[in-house]
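Colleague: Below you will find the structure I want to go over with you.
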Amino acid sequence: MSTVVIDLYDSGILISDGKRILANCPSCALVEAETSILTGKQAEQQIHLRPQEISTGFWADLAGQSTTRHAINHAEIAFRHMQFAWSLLDRQDHDAILAVSGALRKQELGLVLGICEKLGIAVVGIVNKAVLAVPGPVPKTRLVWLAVLQQSTILTLVSQDRKQVSATRPGRVIEHGLQSLIQAQAKWIAAAFVRETRFDPLQKGEDEQRLYERLPHWLATLQSIESVGCELHSDGQGHRIQLHRKDVLEINRAAFEEMAISLSELLPDHKVTLVCSPTCNQVFGLNEFLKDLPGCAMLGTDPTRIARQALRYREQISSSDATVHYTTALAWDKSTRPELLEPNPGLLASLRNCPTHLLIGNRAWPLGPKQELRLTKDRHEIHLELDPVCNDRGICRVQKKGMRIELRHLKEYKVRLNDRLLSEPQPIQSGDRLRIDGYRGTIHFIQVQEHEASHD
Numbered sequence: 093m094s095t096v097v098i099d100l101y102d103s104g105i106l107i108s109d110g111k112r113i114l115a116n117c118p119s120c121a122l123v124e125a126e127t128s129i130l131t132g133k134q135a136e137q138q139i140h141l142r143p144q145e146i147s148t149g150f151w152a153d154l155a156g157q158s159t160t161r162h163a164i165n166h167a168e169i170a171f172r173h174m175q176f177a178w179s180l181l182d183r184q185d186h187d188a189i190l191a192v193s194g195a196l197r198k199q200e201l202g203l204v205l206g207i208c209e210k211l212g213i214a215v216v217g218i219v220n221k222a223v224l225a226v227p228g229p230v231p232k233t234r235l236v237w238l239a240v241l242q243q244s245t246i247l248t249l250v251s252q253d254r255k256q257v258s259a260t261r262p263g264r265v266i267e268h269g270l271q272s273l274i275q276a277q278a279k280w281i282a283a284a285f286v287r288e289t290r291f292d293p294l295q296k297g298e299d300e301q302r303l304y305e306r307l308p309h310w311l312a313t314l315q316s317i318e319s320v321g322c323e324l325h326s327d328g329q330g331h332r333i334q335l336h337r338k339d340v341l342e343i344n345r346a347a348f349e350e351m352a353i354s355l356s357e358l359l360p361d362h363k364v365t366l367v368c369s370p371t372c373n374q375v376f377g378l379n380e381f382l383k384d385l386p387g388c389a390m391l392g393t394d395p396t397r398i399a400r401q402a403l404r405y406r407e408q409i410s411s412s413d414a415t416v417h418y419t420t421a422l423a424w425d426k427s428t429r430p431e432l433l434e435p436n437p438g439l440l441a442s443l444r445n446c447p448t449h450l451l452i453g454n455r456a457w458p459l460g461p462k463q464e465l466r467l468t469k470d471r472h473e474i475h476l477e478l479d480p481v482c483n484d485r486g487i488c489r490v491q492k493k494g495m496r497i498e499l500r501h502l503k504e505y506k507v508r509l510n511d512r513l514l515s516e517p518q519p520i521q522s523g524d525r526l527r528i529d530g531y532r533g534t535i536h537f538i539q540v541q542e543h544e545a546s547h548d
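Rendered as structure tokens:
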């Protein structure tokens, strides 16, 4: 009998044999009546048309009850969902390993096993997928499994050494998940339609459904180009706006920064490797934000890695007796090789001390995405300015990368950062001082609170 891996990723079920995805079903159910529960595409196509009959959070709270018009136990909805996902397999004569979030408690694990038993799915073991996401030891860094769930984002510390990898329960739970992050993007884009065309795609259920169906395509297009035309049709009329990448990247920035601050509280003084769940790819801009965090390196997880690792370590996960064990630690096999990653300069502790402005003389210049410091002459006076036009003609470049500010030397002028000659790119913190040969003053990187910032 062959083994498949059932990845319960909270917002869906992914079943894989390690090579192919055999089924991938988002957690969405249409509860029409106590005896009529639809899952799969039929439910997804109704999510914004019949919101009072839609349930999505059942895997995160198996012991709870739906808030739909017809209240149903979440465990019953989860049973129907698993039944549908399992039916998509070409054949059902497999045994299975369950890969689960560390957020699931003992009672919920028992309910999952009960659902599988009722469906005739022979479960040989359960494993915390935080330990499956790491392909090998990552030297000189601490590991954090970052998983975006439906209602929240969890940060799990993963312990490692040359012999094994292990994980326990999440160290942080952040109240931003797939639903709220994607909803924020949809609402912002809907407001752009209202602003530019007077058409409100959230006014009618049919239009809202179209908006959410088109949203993934628009965001996928923005991964590679700077803007995309977005068009929606309603009542025989077309409505079109231009969506710009830089604007969409800002929509969830506050939520991303909250994740970063939680990371800095968890591991302020260590180099960190972020092991990101595949669901991170569903949130536009998140991976781009995380890869620039100070002191961090990123390790992405493709959808089938969890399954490949589970099958690779099947003997450690499965039990020789009839008891199903929950595995939270794995010993590396002999073929495992270290993952050599280079974290960004700095440490997460610096996030709370990130400068917002550059003080030149008595003027505070706000720091933007990319600027250059330039010296100019006015009669016999030498002036220093922060110019947003970057053509490598300035003295040095100040660049904002997520929540990290980096200073890079460009020209032959001698530049000193905190009295040390600047030769390589350096992370900047509030309070750092800059001196440039030919300019008498000292330039200061400072932090200005929003209510203190002046409006030039």
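So for the sequence shown, this note's numbering puts the first residue at 93; every next one is plus one. We treat Cβ as the ideally placed atom computed from N, Cα and C, and that holds for glycine.
If I measure Cβ to Cβ from S410 and keep anything under 6 angstroms in the same chain, skipping five residues before and after, which residues do I get?
Modeller: Reading the sequence shown from its first residue, position 318 is the one you call residue 410. If we look at S410 and ignore the five residues flanking it on each side, its Cβ neighbours are V216 and G217.
Colleague: In the DSSP assignment, what residue or residues form a beta bridge with A239?
Modeller: Counting from 1 along the sequence shown, the entry for residue 239 is found at position 147. A239 pairs with I246.
Colleague: Taking the alpha-carbon of I398 as reference, which of L249, C368, N379 and D413 has the nearest alpha-carbon?
Modeller: Taking the first residue of the sequence shown as 1, we reach residue 398 at position 306. If we check each option's Cα against that of I398, C368 comes out closest.
Colleague: For the alpha helix (DSSP H) that S158 lies in, which residues bound it at each end?
Modeller: Within the sequence shown, residue 158 is the residue found at index 66, counting from 1. Taken as a continuous stretch (DSSP letters only), S158 belongs to no alpha helix (DSSP H), as it is neither H nor E.
Colleague: Rounded to a whole number of angstroms, what is the C-alpha to C-alpha distance between G350 and G377?
Modeller: By 1-based counting over the sequence shown, the position of residue 350 is 258. By 1-based counting over the sequence shown, the position of residue 377 is 285. Looking at the sequence itself, residue 350 is Glu, so the reference to Gly does not match. Each residue's Cα considered, the two are about 14 angstroms apart.
Colleague: With which residues is Y418 paired in a DSSP beta bridge?
Modeller: Taking the first residue of the sequence shown as 1, we reach residue 418 at position 326. Y418 pairs with I218.
Colleague: What residue range does the beta strand (DSSP E) around H362 cover?
Modeller: For the purposes of this step, residue 362 is identified with residue 270 of the sequence shown, where counting begins at 1. Neither: H362 is in no beta strand (DSSP E) and is coded neither H nor E.
Colleague: How far does the alpha helix (DSSP H) with H309 in it extend, from its first residue to its last?
Modeller: Within the sequence shown, numbered from 1, the residue matching residue 309 stands at position 217. From DSSP, the alpha helix (DSSP H) with H309 extends over G297 to L314.
Colleague: To test your reading of the DSSP string, which unbroken alpha helix (DSSP H) runs of 4 or more residues are found completely within the segment 431 to 515?
Modeller: As far as the segment 431 to 515 is concerned, it has no whole alpha helix (DSSP H) run of at least 4 residues.
Colleague: Return the chain-ordered list of same chain residues with a C-beta closer than 8 angstroms to the C-beta of Q277, the five sequence neighbours on each side being excluded.
Modeller: By 1-based counting over the sequence shown, the position of residue 277 is 185. Excluding positions up to five away in sequence, the list reads L307, L311, V340, I343, N344 and F376.
Colleague: For N510 and Q256, I'd like the C-alpha separation in whole angstroms.
Modeller: Residue 510 sits at position 418 when you count from the first residue of the sequence shown. Residue 256 sits at position 164 when you count from the first residue of the sequence shown. Their Cα atoms are separated by approximately 42 angstroms.
Colleague: Could you please give me the residues that DSSP links to H536 through a beta bridge?
Modeller: If you number the sequence shown from 1, residue 536 lands on position 444. Its beta-bridge partners are L451 and R525.
Colleague: Given a cut-off of 8 angstroms, decide if V286 and A191 are closer than it, judged by their beta-carbon atoms.
Modeller: Indexing the sequence shown from 1 puts residue 191 at position 99. Indexing the sequence shown from 1 puts residue 286 at position 194. No, these two residues do not count as a Cβ contact at 8 angstroms.
Colleague: Do the CB positions of L451 and I538 come within less than 8 angstroms of each other?
Modeller: One-based indexing of the sequence shown puts residue 451 at position 359. One-based indexing of the sequence shown puts residue 538 at position 446. A contact, by the Cβ cut-off of 8 angstroms.
Colleague: Verify whether the separation of the beta carbon atoms of S319 and H331 is less than 8 angstroms.
Modeller: Looking up residue 319 in the sequence shown gives position 227. Looking up residue 331 in the sequence shown gives position 239. Result no, Cβ atoms of S319 and H331 do not sit closer than 8 angstroms.
Colleague: Give the straight-line distance between the Cα atoms of R406 and V250, rounded to the nearest whole angstrom.
Modeller: Here residue 406 corresponds to residue number 314 of the sequence shown, with the count starting at 1. Here residue 250 corresponds to residue number 158 of the sequence shown, with the count starting at 1. When rounded, the distance between both Cα atoms is 20 angstroms.
Colleague: Look at the alpha carbon of P229 and the alpha carbon of H449, and state the distance between them as a whole number of angstroms.
Modeller: Taking the first residue of the sequence shown as position 1, residue 229 is located at position 137. Taking the first residue of the sequence shown as position 1, residue 449 is located at position 357. Those two C-alpha atoms are separated by around 39 angstroms.
Colleague: Taking its Cβ as the centre, do 16 or more other Cβ atoms sit within 10 Å of D524, making it buried, or is it exposed?
Modeller: Your numbering for residue 524 matches position 432 in the sequence shown. The residue in question, D524, is buried, as its Cβ has 16 or more Cβ neighbours within 10 Å.
Colleague: Let me confirm a value: V123 is counted as buried when at least 16 other C-beta atoms fall within 10 Å, else exposed. Which label applies?
Modeller: Taking the sequence shown and counting its residues from 1, the one referred to as residue 123 is at position 31. Flag for V123 reads buried.
Colleague: Between which two residues does the alpha helix (DSSP H) holding L181 run?
Modeller: Working through the sequence shown from its first residue, we reach residue 181 at position 89. Taken as a continuous stretch (DSSP letters only), L181 belongs to no alpha helix (DSSP H), as it is neither H nor E.
Colleague: For L130, which beta-bridge partners are listed by DSSP?
Modeller: Numbered from its first residue, the sequence shown carries residue 130 at position 38. Answer by DSSP bridge pairing, in chain order: L122.
Colleague: Near P437, what residues of its chain come up, given a Cβ to Cβ distance below 6 angstroms and the 5 sequence neighbours on each side ignored?
Modeller: Along the sequence shown, read from residue 1 onward, the residue named residue 437 stands at position 345. So the list reads P519, once near-sequence residues are dropped.
Colleague: Looking at S108 and T415, is the spacing between their C-beta atoms short of 8 angstroms?
Modeller: The residue given as residue 415 occupies position 323 in the sequence shown. The residue given as residue 108 occupies position 16 in the sequence shown. No, Cβ-Cβ distance for T415 and S108 is not below 8 angstroms.
Colleague: According to DSSP, what are the bridge partners of E323?
Modeller: Indexing the sequence shown from 1 puts residue 323 at position 231. DSSP lists R332 as partners of E323.
Colleague: Taking 8 angstroms as the cut-off, does the segment 114 to 133 touch the segment 171 to 180 (at least 3 CB pairs, one atom from each stretch)?
Modeller: Verdict: yes, contact present.
Colleague: Identify the residues that DSSP records as bridge partners of Q256: which are they?
Modeller: Indexing the sequence shown from 1 puts residue 256 at position 164. Paired residues: A423.
Colleague: Within the 8 angstroms Cβ cut-off, does A352 reach chain D?
Modeller: No chain D appears in the structure shown, which is made up of a single protein chain.
Colleague: Please confirm whether L459 and Y531 have their CB atoms less than 8 angstroms apart.
Modeller: As a working mapping, residue 459 is identified with position 367 in the sequence shown. As a working mapping, residue 531 is identified with position 439 in the sequence shown. In this structure, Y531 does not lie closer than 8 angstroms to L459 by Cβ.
Colleague: Ends of the alpha helix (DSSP H) at S272?
Modeller: Residue mapping note: residue 272 aligns to position 180 of the sequence shown, counting from 1. Counting along the chain, the alpha helix (DSSP H) containing S272 begins and ends at L270 to T289.
Colleague: Check each candidate in P231, L100, L181 and P461 and name the one with the smallest Cα separation from L205.
Modeller: Along the sequence shown, read from residue 1 onward, the residue named residue 205 stands at position 113. Nearest of P231, L100, L181 and P461 to L205, Cα basis: L100.
Colleague: Tell me, which residues are paired with T95 by DSSP?
Modeller: Within the sequence shown, numbered from 1, the residue matching residue 95 stands at position 3. For T95, which the question treats as bridged, DSSP gives the partners D187.
Colleague: Can the beta-carbon of A240 be found closer than 8 angstroms to that of G269?
Modeller: Counting from 1 along the sequence shown, the entry for residue 240 is found at position 148. Counting from 1 along the sequence shown, the entry for residue 269 is found at position 177. Per the sequence shown, the amino acid found at residue 240 is Val instead of Ala. Contact: yes.
Colleague: For T468, count the other beta carbons within 10 Å of its own beta carbon; 16 or more makes it buried, fewer makes it exposed. Which is it?
Modeller: The count along the sequence shown starts at 1 and reaches residue 468 at position 376. Exposed is the call here.
Colleague: Looking only at its chain, what residues have a beta carbon closer than 6 angstroms to the beta carbon of E464, apart from the 5 residues adjacent to it on each side?
Modeller: Along the sequence shown, one-based indexing puts residue 464 at 372. Correct list, in chain order: D479, C482, G486 and R489.
Colleague: Starting from R400, trace the alpha helix (DSSP H) in both directions and tell me its first and last residue.
Modeller: As a working note, residue 400 is residue 308 in the sequence shown. Its alpha helix (DSSP H) spans residues R397 to R404.
Colleague: With distance defined between alpha-carbon atoms, name the residue in S193, Q243, K493 and T313 nearest to T260.
Modeller: Walking along the sequence shown from the start, residue 260 turns up at place 168. Measuring from the Cα of T260, the nearest candidate turns out to be S193.
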